[in-house]
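Residues in the sequence shown are numbered from 114 upward in steps of one, following my numbering.
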Amino acid sequence: RYPQAYFDRKILAGKVLDFDFCTAENFPIVGWIDSLGLRPLFMINLPYYPDLMEEFYANFGFSTSVTLSTSINGKPILMNYATLASILDIPFDGTRSWSNRNWIEEDNFSKEECVHLLFGEHAQLVDKMYSRNLILDYRFLHRVVATHVLPKSGGFDEVTHMEPYTMFHIVTGRRINIPLLIMNHMKGIHSRENARLAYGNIVTKILMHFGIELKEEVHHALQRCDKLGKGTLGRMGFKRHKR
């Protein structure tokens, strides 16, 4: 059904943000997300289908910088930013920059301003950044970005360059093309050997949009531990009403 290399790939199921808890506790992340029209992305509560996810990634074919193609059971799937934005019910306007390893270099973005906003005005521009050096609101936002927008399997203490770049836009309300980030991250996952297959619930939403038959497929629902809210913040040291 798909290349042997994909049989042992582990899967990242996806997460759901607990908006009720975050609203009740007045976390600013709710306002940041809503001001950019991104709430639907963080509320996708769908099961994931391991076999179909493996096939989705294994069959990545012709793509350009702005498109992605694959197939499931011989049925073609072709997406651009507008397609994915429509599926996720989020905008696709805003900045369109991407870099796997380095800071984005563009006229309307200052990496120094980004670091000072997120890590404090006296923070230095260094090669390695860590989420432990973020205040709680930004640390939680980092976890949300690193599970929903640019998901990774662990190592949440280390902050990669695209993560603060994305966070900076969310915090300041600057438009950023989230479908671009997701599609480029998917392509990176496909090309890296043994990378975990991410976006479990998003892939399900894509398959539903393209009319892929799901009825007979093995699937797993999201669990309570897949909700980002009270438990996640508690492990970060949050105590209710004592912020």
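Even glycine gets a Cβ: it sits at the ideal position worked out from N, Cα and C.
- For M349, the three-state secondary structure derived from DSSP is coil.
- Inclusion of F253 and L191 in the CB contact set at 8 Å is not warranted, their separation being larger than that value.
- The region 162–172 makes contact with the region 313–325; the number of CB pairs closer than 8 Å reaches 3 or more.
- With three or more CB-CB distances shorter than 8 Å, the region 318–328 counts as touching the region 186–204.
- In this model, W145 and E234 are separated by some 21 Å (Cα to Cα).
- Assigned with DSSP and collapsed to three states, Y243 falls in strand.
- Ranked by Cα distance from V228, the first of N213, A236, F222 is A236.
- By the criterion of at least three beta-carbon pairs nearer than 8 Å, the region 329–337 is not in contact with the region 173–184.
- By a beta-carbon distance limit of 8 Å, K224 contacts W216. Their separation comes to about 5 Å.
- Note: N193 is bridge-paired with T180 in the DSSP secondary-structure output.
- With a cutoff of 8 Å on beta-carbon distance, K340 and V129 are scored as near each other.
- Assignment of K128 by DSSP, reduced to helix, strand and coil, places it in the coil class.
- Secondary structure note for E167: its alpha helix (DSSP H) is the uninterrupted segment 163–171.
- Collapsing the DSSP output to three states places I248 in coil.
- Rounded to whole angstroms, the Cβ separation of V284 and L230 is 7 Å, and the two are in contact under 8 Å.
- As computed with DSSP, T208 is found in a beta bridge with I289.
- For I146, the enclosing alpha helix (DSSP H) has its first and last residue at 142–148.
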